[in-house]
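Notes follow the structure.
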Amino acid sequence: MTPGLRVRLSASSQSPMSELHHVYLIPGMFGFGRLAGVDYFAHVRNALTERFEDAGHRIITEVSPSPPTSSLRHRARILAKTVLHTLRDETGPVHLVGHSTGGLDSRLLLSPTSKLGIEPELLGWTARVRSIVSVNTPHFGTPLAGYFASVSGTRLLYALSLLTIVSLSVGEPSLSVFSRLLASLGDLDSLLGKDSKIVSRVTDVVLRVVDKKGRAEVSNYLQKVRSDQGGLIQIMPEAIDLFNVATEDSANVRYGCVVTAAPLPLQIKLARRLLSPYAAATGAIFSTLYQLTSQRPRMYEYAQPTAEQQESLRWSFANAVDDRSNDGVVPTLSMLWGELLWCGEADHLDILGHFHDDKKPASHIDWMMSGAHFTRIRFSQAMDAIARFILRT
């Protein structure tokens, strides 16, 4: 963390010094906890730990091993079991920080009206939850989910999962490695016919790049993406409309959100995209994702910002935020739920610390060329806002 970027938490935002805060990080769409040596939440965990320690507080962070594309109910049950098995008898408040669909898992789990099939005595810990922070969460759904549920969308989702693993593991792959990866992805049509040889070959291409010790982890992860996509259907705007009717906020929990938007794809400078074949290819993929996510169904509206939120959005983005604005995966106005903690230009994984880092040595690795130009300063500001919200009494 660059010195001088963090904002010290004021005394009024601090909780009693004796409290031990338990923060649970919940991954979202095609996310994970740790995979093939990659710690998905490493930057967020380190940033929050620094801020809590600076403020004189103790923090324990845990990651929910949520399956990447399973149903919200299944993911919420896994989150509940994770907290139950790791919280034990320790004291202190609990906070849930969910990225993407992880925010929906948190809302569903804490809703007084949810029926998850878990014995009430196993949910006694929920009385200790003080806050839920949703980061780039599709509270009003995302049109991209409908596309991912289609035949061609399934192939793209699988390809994105592979690219995420490769880029976060080793950074931008060499031309030879990237060419082999693209050649393997060309056979993804066969995946829909359950051709295990094709699955194995594509996975092997990835495993030649990442740590071979992670072979079983990567194979298991890709199998989950391929075999269980119930969550994708549930976060379509048409389906999330019912989710919002049936799910209530807990009266004892504070809800906050982090909201981002990427620049229009046309604003990705051609020169930057042609720096490498990887940048050019991922830039083209991001443009496709952006266009698909910008197509809101006419009958289903996103959040209507309050006057205060509208002012924050107006000052935080170069372009006016409307129904077409998004981070490449989730519409910007779909991310609003509760108090707006921070907003700014970023794509779906930038906000977790996975962005292009010009500073040497680079500690942040980008996943896709989006043109957002996210920086350490913006990341620090977002983490400041989350920490302040969690520690507020």
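First residue of the sequence shown? That's 1007 in my numbering, and the numbers climb one at a time after it.
Cβ atoms here follow ideal geometry from the backbone N, Cα and C, with glycine treated the same way.
The closest CA to that of A1133, considering only K1230, G1098, G1123, is found on G1098. Note on geometry: alpha-carbon atoms of S1256 and T1067 lie some 22 Å from one another. Here L1342 carries a coil assignment [DSSP, helix/strand/coil].
In the three-state DSSP reduction, A1155 falls in the coil class, being neither helix nor strand. Where T1055 is concerned, there is no enclosing beta strand (DSSP E), although the alpha helix (DSSP H) around it starts and stops at 1048–1060. Counting along the chain, the unbroken alpha helix (DSSP H) around E1317 starts and ends at 1313–1322.
Contact between Q1235 and T1075 holds, since their C-beta atoms are separated by about 5 Å, short of 8 Å. Bounds of the alpha helix (DSSP H) holding V1089 are 1078–1093. A check of alpha carbon separations from F1323 across G1034, V1251, F1380 identifies F1380 as the nearest.
About 5 Å separates the CB atoms of L1085 and D1111; that is less than 8 Å, so the two are in contact. Rounded to whole angstroms, Q1315 and L1346 show a C-alpha spacing of 7 Å. The segment 1046–1065 and the segment 1114–1127 do not touch, with fewer than 3 CB-CB distances between them shorter than 8 Å.
In chain order, L1015, L1054, R1057, F1058 place their CB closer than 7 Å to the CB of A1393, counting only its own chain and leaving out the 5 sequence neighbours on each side. The C-alpha of H1080 lies about 16 Å from the C-alpha of G1039. E1254 and S1117 do touch by the CB rule: their CB atoms are close to 5 Å apart, below 8 Å. If you draw a straight line from the Cα of P1144 to the Cα of H1370, it comes to about 25 Å.
Judged by DSSP secondary structure, S1386 falls outside any beta strand (DSSP E) and instead within the alpha helix (DSSP H) spanning 1382–1397. Within the same chain, and ignoring the five residues on either side of Y1306 in sequence, the residues whose Cβ sits closer than 6 Å to its Cβ are P1243, D1247.
The continuous alpha helix (DSSP H) containing T1107 extends over residues 1107–1116.
For Y1306, the three-state secondary structure derived from DSSP is coil. With contacts defined as CB atoms closer than 8 Å, C1263 and G1344 qualify as a contacting pair.
Per DSSP, reduced to three states, the secondary structure at G1104 is strand.
Collapsing the DSSP output to three states places N1226 in a helix.
When beta bridges are read from the DSSP output, S1300 appears opposite no residue. Partner residues in the beta bridge of S1140, as assigned by DSSP, are G1104, C1263. Its chain contains A1267, T1338 as the residues whose beta carbon lies nearer than 6 Å to that of S1331, once the 5 sequence neighbours on both sides are disregarded; these appear in chain order.
Residue environment analysis places T1299 among the buried positions, since at least 16 neighbouring C-beta atoms fall within 10 angstroms of its C-beta.
Excluding the 5 residues flanking it on each side, Y1153 has same chain C-beta neighbours closer than 8 Å at G1159, L1162, L1298, in chain order. The continuous alpha helix (DSSP H) containing L1238 extends over residues 1236–1240. Bounds of the alpha helix (DSSP H) holding L1248 are 1243–1252. V1141 and I1396 have their C-alpha atoms spaced approximately 14 Å apart. Note that the C-beta distance between Y1261 and I1065 is not below 8 Å. For L1115, same chain residues with a beta-carbon under 6 Å away, outside a window of 5 residues either side, are A1082, L1085, A1086 in chain order. The secondary-structure analysis by DSSP pairs W1348 across a beta bridge with V1264. In the displayed model, D1045 falls within a strand according to three-state DSSP.
I1124 carries a coil assignment under DSSP once its states are collapsed to helix, strand and coil.
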